[in-house]
Amino acid sequence: MQGQPDRIEQFEADIADLKITDPSARRDQLSTRLGITGMVAGVVLGVYAYSLSYGAGGDNPAPQQRDAIVLGLVAVSVAVVGAALYVKGAMSSFLRFWLVRDLHERRAQTDRVVEQLGGAASDDPSADQP
Amino acid sequence: MSTLLSLREVRAGYGPIEVLHAISFDVPTGSVVAVLGPNGAGKTTLLSVIAGLHPATSGSIVMAGRRVNGAEPDALARAGLCLVPEGRGIFPNLTVHEHLRMATHSRRRLRDIEDETYERFPRLAERRTQVAGTLSGGEQQMLALARGLATRPALLMLDELSMGLAPLIVEELYAQVAAIAASGVSIVVVEQFAGTVLGVADLAAILVQGRIGAVGTPAEIQADLSAAYLGAAVDHARPR
């Protein structure tokens, strides 16, 4: 290994130059909460847009109804984006849990195999199993 | 001696399940630190947290004097942190030569990498064109180690180096670990079986159920290993 003191100095310099963002261990939770908020906001906005369109009166109700239509479309968009965020957060949490469970089971299986191979290898200490 | 890696009250888990409970220990520059513990103690999670592969929920991971919580694992790897994972992480369909060629991303010449590797592990030179999946377990572990070393790490982390290997091969590998440490690389070794690793370690920590039971010299730790593994109190070594 060449120039290890230099390597340590280089390591310190590289670490000092790292761009580190704040950790977001609860990103999934944030996504789920934002999603729920979006869905609720979408429904509320939709109801408001509906009442706005029916409240339009006077000689020329068309502008207010057009506003209500735009607001309704925004409400649908907010609800759809909220639903997508919720599904993303929920699926991430579930898949992470599933991955950890799978890893745990694989490791337990590996331990069982190693244990069995260990018993066989103890007869021949030079044996090297793949 | 300066400290290359320092963990302060680090907690981590999976969802609501906390796996590491306020872990604190230091890795002095150029030393070998062994983290010992039974299956399920949280050893692999600890390495994943240090490598940036798993987020710490609280606490500080300080590397070369800087808090690196939240750093991307590839950025840490580029800086000089190398993790040799449990299960070796080699590609079974690639040859030994191709594995070493992958390490040229660290801007080293393939020839230099190969010379260094084959000098350190002559058995890999004999298997140069052989696909890794057909190597023996010991040779696969040598390849994983060689691939890590090819990146010129400043901090090397080894996860269960001895897993599935015969005792003679484990001794051979740990002799290489001692040689690597002598060249100035700081090493964190996680092991379930303490026998061989304590012979090359400068410091050792016992990790039981996500908590550091004791930190001390190998001699101090040796006496408490059985008690720690079986759940009894650890009295002699310095508690953390």
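Protein sequences appear in the order of chains Z and B. Residue 1 is where the first sequence starts when you use our numbering, and the numbers rise one by one after that. Residue 1001 is where the second sequence starts when you use our numbering, and the numbers rise one by one after that. Each residue gets a CB set at the ideal place from its N, CA and C atoms; glycine is no exception.
Counting every other CB atom within 10 Å of its CB across the protein chains shown gives M1063/B a total of 16 or more, marking it as buried. For A1064/B, the nearest CB of chain Z lies under 8 Å from its own CB, placing it at the interface with that chain.
Distance from the CA of P1055/B to the CA of G1015/B, rounded to the nearest whole angstrom, comes to 11 Å. Contact annotation: L1198/B and I1221/B have beta-carbon atoms nearer than 8 Å. At a Cβ-Cβ threshold of 8 Å, L1007/B and S1031/B do not count as neighbours. Contact of D14/Z with chain B by beta-carbon distance below 8 Å involves R1078, A1079, G1080. For V1215/B, the number of other beta carbons within 10 angstroms of its own is at least 16, and it is reported as buried. The C-alpha of G72/Z is placed about 15 Å away from the C-alpha of A62/Z.
Excluding sequence positions up to five before and after S1048/B, its CB lies within less than 6 Å of the CB of H1054, all in the same chain and listed in chain order. Contact between the segment 1114 to 1125 of chain B and the segment 1067 to 1081 of chain B is not established, with fewer than three Cβ pairs separated by less than 8 Å.
For A1146/B, the uninterrupted alpha helix (DSSP H) run begins and ends at 1137 to 1149, by DSSP. Taking every protein chain shown into account, the CB of H104/Z has fewer than 16 other CB atoms within 10 angstroms, so this residue is exposed.
At least one CB of chain Z lies nearer than 8 Å to the CB of T1029/B.
Below 8 Å, too few C-beta pairs join the segment 1180 to 1189 of chain B and the segment 1097 to 1114 of chain B to call them touching: fewer than three. Contact between L1004/B and T1044/B does not hold, since their C-beta atoms are separated by about 21 Å, which reaches or exceeds 8 Å.
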